[in-house]
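Quick note on our numbering: the sequence shown kicks off at 133 and runs consecutively. To start, the structure under review is shown below, and the notes come after it.
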Amino acid sequence: MSTLGQTLKLLRKNSSMTLKEIEEKTGVSNAYLSQLENDKIKNPSVFILTKLSQTFDVPINEILIQAGLISSKRSSKTEQLSNKIAFSTEKLSPKEMKEVLDYIAFLKSKK
Numbered sequence: 133m134s135t136l137g138q139t140l141k142l143l144r145k146n147s148s149m150t151l152k153e154i155e156e157k158t159g160v161s162n163a164y165l166s167q168l169e170n171d172k173i174k175n176p177s178v179f180i181l182t183k184l185s186q187t188f189d190v191p192i193n194e195i196l197i198q199a200g201l202i203s204s205k206r207s208s209k210t211e212q213l214s215n216k217i218a219f220s221t222e223k224l225s226p227k228e229m230k231e232v233l234d235y236i237a238f239l240k241s242k243k
C-alpha cells in the first residue's frame with residue numbers, strides 16, 4: 133500500500149503540475165506540499181486534503197483513506213455522506229471551514 137505522500141506525488145505528476153502550480157491553485161505553500169509528498173507531515177488537516185482532492189479531481193475519500201483518517205471498509209452510505217459533507221464545504225469561508233473542522237475534532241474527541 134502506498135503512503136499518503138506517494139499518492140499525492142503521483143496525483144500531481146499525473147496532472148502534469150509542479151508544486152508551485154499546486155500552491156497557486158490551493159494556497160498551500162509548496163514547502164508544505166513537498167513535506168506532504170515526502171511523508172514528513174503525518175497528520176495533515178482535512179481542509180488541506182480537501183483542497184488537494186478538488187485540485188486533483190479525486191474523491192476526498194481516496195485521499196482520506198491514504199491519510200489513515202478513514203477506513204477503506206466504510207459502508208457505501210457512509211462514503212456518500214462523507215462526500216456530501218466534503219463537497220458541501222466548497223462555499224465556506226476559511227473561518228467557517230475552520231469552525232466545521234474544529235467541531236468535527238470535538239465530536240471525535242468525545243469517543
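Just so it is clear, CB atoms sit at the ideal spot from N, CA and C, and this is done for glycine as well. None of these values were measured; they are calculated from a predicted model.
Residue i vs residue j beta-carbon contact at 8 angstroms
{"i": "Gly-137", "j": "Asn-170", "result": "yes"}
{"i": "Pro-140", "j": "Val-178", "result": "One detail in the question is off: residue 140 reads as Leu in this sequence, not Pro. Not closer than 8 angstroms, so no."}
{"i": "Thr-158", "j": "Thr-135", "result": "no"}
{"i": "Ile-192", "j": "Thr-182", "result": "yes"}
Secondary structure of residue i, DSSP reduced to three states
{"i": "Asp-234", "result": "helix"}
{"i": "Thr-139", "result": "helix"}
{"i": "Asp-174", "result": "Sequence check: residue 174 is Lys here, not Asp. Looking at Lys-174 - three-state DSSP - the assignment turns out to be coil, as it is neither helix nor strand."}
{"i": "Ser-203", "result": "coil"}
Closest by C-alpha distance to residue i, when choosing among the options
{"i": "Val-160", "options": "Ile-195, Leu-184, Leu-201", "result": "Leu-184"}
{"i": "Leu-142", "options": "Glu-156, Thr-158, Lys-157, Leu-165", "result": "Leu-165"}
{"i": "Pro-176", "options": "Met-229, Glu-194, Gly-200", "result": "Gly-200"}
Classification of residue i by the beta-carbon crowding that lies within 10 angstroms, buried from 16 upward
{"i": "Asn-237", "result": "Checking the sequence shown, residue 237 turns out to be Ala, not Asn. Burial call: exposed."}
{"i": "Ser-168", "result": "At residue 168 the sequence reads Leu, which differs from the Ser that was named. Buried: at least 16 other Cβ atoms inside 10 Å."}
Residue i beta carbon near the ligand NAD (any heavy atom closer than 7 angstroms)
{"i": "Thr-187", "result": "Annotation note on the ligand NAD: not contained in the displayed structure, which lists no ligands."}
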